[in-house]
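According to the working numbering, the sequence shown is numbered sequentially starting from 10.
The structure appears right after this line, and notes come after that.
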Amino acid sequence: MIATFTAFDTHTEVSGQFIADNLAHIKAATLYPVLEAQGLNHIDTQRWYPIQVWLNVLRNLAQDAPTSTDFVATGIRIGEQLTLSPEVKSIETALRALEAFYTNNHRGGDAGYIEVLPSTHRVVTLHIHTPYPANLWYGVIYGVARRFLPPRSTLQVAMETLEDVHRYIVSW
10 MIATFTAFDT HTEVSGQFIA DNLAHIKAAT LYPVLEAQGL NHIDTQRWYP
60 IQVWLNVLRN LAQDAPTSTD FVATGIRIGE QLTLSPEVKS IETALRALEA
110 FYTNNHRGGD AGYIEVLPST HRVVTLHIHT PYPANLWYGV IYGVARRFLP
160 PRSTLQVAME TLEDVHRYIV SW
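Here you go:
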């Protein structure tokens, strides 16, 4: 079972830019007191922070204000705004870009992983093993995929929790 909101490795760090980008999409009245309690009242985008500090913020938001902190909606907004290279022109390449995005924003220990499995026609499967909430990733995947959805197509994202990974099956 994946331990949500608990770092896999105490040495893992997350980039300040990653935190700042996420904060721009979180809508919660309790956000600033939670950030202050974790010493994150000013995020330096050039700095690296212990991942557990950021996970504590997310955990507190989930516990303190579950109705106003919707991780799916936050994830969708993140996915819609995620900066992708100009070479990304399809759902599959956009989802593959999530692997590098995650790796580039975490360092120093086991941060988990995103793995995009070999795809079939209009179906992409991802395995995600990170300490972040599964519904946040669901939203990110949906938001990214929707950007590249071909006309007259319907997007579907199914999620299931396996023993140590969340599986997302994206089809259109």
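For glycine and all other residues, C-beta sits at the position ideal for the given N, C-alpha and C.
{"Check": "Residue(s) in a DSSP beta bridge with residue 15", "Outcome": "Residue 15 is not bridged to any residue."}
{"Check": "Below-8 Å beta-carbon distance, residue 97 vs any chain B residue", "Outcome": "No chain B appears in this structure, which consists of one protein chain only."}
{"Check": "Euclidean distance between Cα positions of residue 143 and residue 104", "Outcome": "16 Å"}
{"Check": "Candidates 153, 100, 35, 111: closest to residue 133 by CA position", "Outcome": "100"}
{"Check": "Where residue 84 falls: helix, strand or coil (DSSP)", "Outcome": "helix"}
{"Check": "Nearest residue (CA-CA) to residue 155, options 130, 84, 128, 169", "Outcome": "84"}
{"Check": "Three-state class that DSSP yields for residue 56 in the structure shown", "Outcome": "coil"}
{"Check": "Cβ pair residue 5, residue 58 closer than 8 Å", "Outcome": "Outside the shown range of the chain, which is 10 to 181, sits residue 5, and nothing can be said about it."}
{"Check": "Reference residue 129, options 141, 181, 173, closest by Cα", "Outcome": "181"}
{"Check": "Per-residue burial, residue 175 [other beta carbons within 10 Å of its own, 16 or more giving buried]", "Outcome": "buried"}
{"Check": "Given residue 147 as reference, the closest of 131, 169, 160, 65 once Cα atoms are compared", "Outcome": "169"}
{"Check": "For residue 54 and residue 66, the rounded distance between their alpha carbons", "Outcome": "17 Å"}
{"Check": "Span of the beta strand (DSSP E) around residue 135", "Outcome": "132-138"}
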